[in-house]
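Residue numbers (this note's numbering): 240 to 662.
Structure (structure tokens):
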């Protein structure tokens, strides 16, 4: 910018530079130009002195090391990657081999294996050709993923249920009624069948027929002794033989089962919920964890809570999950509000969660908490009253490589020896 100003105004550049740089830079420049005065030197000489002092050229071997160690990062586009390696090659002094060095670094450092294979098939590959092919394949892949995400699942996909024994029983019951002799020869119409299934027969106790067509219309009830219904449809209360007494139950809660999942190179603590089919996260947590804020894909999935309330996700994010040296891309559904991030059954199956580690973690935490509660109840030093320390938290500093020491059990004091023996 300063050079352009000098050319445009045709002014003495050295004099303006010395008058504009300030007292401290001028003192530095005077020391660098000593024993001569800065005013006796040209603008180019002054500029060279300042550049060598304030911004010396980096070492060539170090710059080349940075250049050859650069690889494409996760979610980094082709254009951003080629711009980054061009910036790193500025002080490498490749000379005439610059284009070939950029091409080799570009092809070798691509994250997408399919694009890399495609470039290796090209004969006489140049840097511009490699960039054009890689950009086209990246754009095509992104458009294809967008099209697939728009083809959302139908809402009833979440409500599918496996057939149970009730369905088989109902089917067998229909076959039995078909083969059973009818008390009347006239066959009911379709509308009658639909109406009959909505009413309960007062004689037989079933909803597949009306009382007028019931086989037990003239039967005698074994419970009340009256004619016109059977014991199953009897509304008379029998004698009380057993009394079920309501007992008060203690309402308790258990600790949440959480596991840290490596999402986009960030360890995120998620609550394991086998009752949820999908993995969920609030938009607030999503913005905190993912600084890059990737765009959410549209989804037509509808969620229902335990009480039947319907929840519509804001969108779906295809995040990258690292687990046991494997990379997965399971969908993560983003909600407008909620609690902790939920690890659902889809992710649990995909990531092959080791349940033995989780069980050990739960058992160890519960044992520690139980021991703490026993100590608090047993010793009076933890009770409320005189000497209680409030608004203070103590910490115990332990070395990372500290090892526990075995100590023999202490002898029981004579005053409580009898109490210990009785227990």
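From the three backbone atoms N, C-alpha and C, an ideal C-beta is built for every residue, glycine too. It should be emphasised that the depicted structure is a prediction, and the values quoted were computed from it without experimental measurement.
Distance, residue 282 Cα to residue 252 Cα: 6 Å
Boundaries of the beta strand (DSSP E) in which residue 560 is found, first to last residue: 560-562
Buried versus exposed call for residue 407 [16 or more other C-beta atoms within 10 Å across all chains shown]: Because residue 407 sits at a pLDDT of 41, beneath the cut-off of 50, its placement in the model cannot be relied upon, and the point is left open.
Bridge-paired residues (DSSP) for residue 554: 573
contact_flag[the region 544-563, the region 498-509] where n(CB pairs < 8 Å) is 3 or more: yes
N-terminal and C-terminal residue of the alpha helix (DSSP H) that residue 497 is part of: Unbroken run through residue 497 is the beta strand (DSSP E), 497-502; no alpha helix (DSSP H).
Inter-residue spacing [alpha-carbon to alpha-carbon] between residue 344 and residue 361: 16 Å
DSSP-derived helix/strand/coil call for residue 506: strand
Sequence-distant residues of the same chain with beta carbon closer than 7 Å to residue 554, five excluded per side: By the criterion of a C-beta distance shorter than 7 Å, residue 554 is surrounded in its chain by 535, 536, 537, 538 and 573, once the five residues flanking it on both sides are discounted.
Given 8 Å, three or more beta-carbon pairs between the region 369-389 and the region 349-359: yes
Rounded separation between residue 446 and residue 469 - CA only: Going by the C-alpha atoms only, they are around 15 Å apart.
Distance between residue 280 and residue 674 (C-alpha atoms, nearest Å): Here the chain has residues from 240 to 662 only, and residue 674 is not among them.
Beta-carbon gap between residue 366 and residue 338 smaller than 8 Å: yes
Alpha carbon of residue 650 to alpha carbon of residue 659, nearest angstrom: 11 Å
Spatially closest choice to residue 287 from 268, 462 and 352, by CA coordinates: Of the candidates 268, 462 and 352, the one whose C-alpha sits nearest the C-alpha of residue 287 is 268.
Contact belief for residue 265 with residue 257 at Cβ below 8 Å, rounded distance in angstroms: 6 Å
Separation of residue 621 from residue 627, as counted between CA atoms: 8 Å
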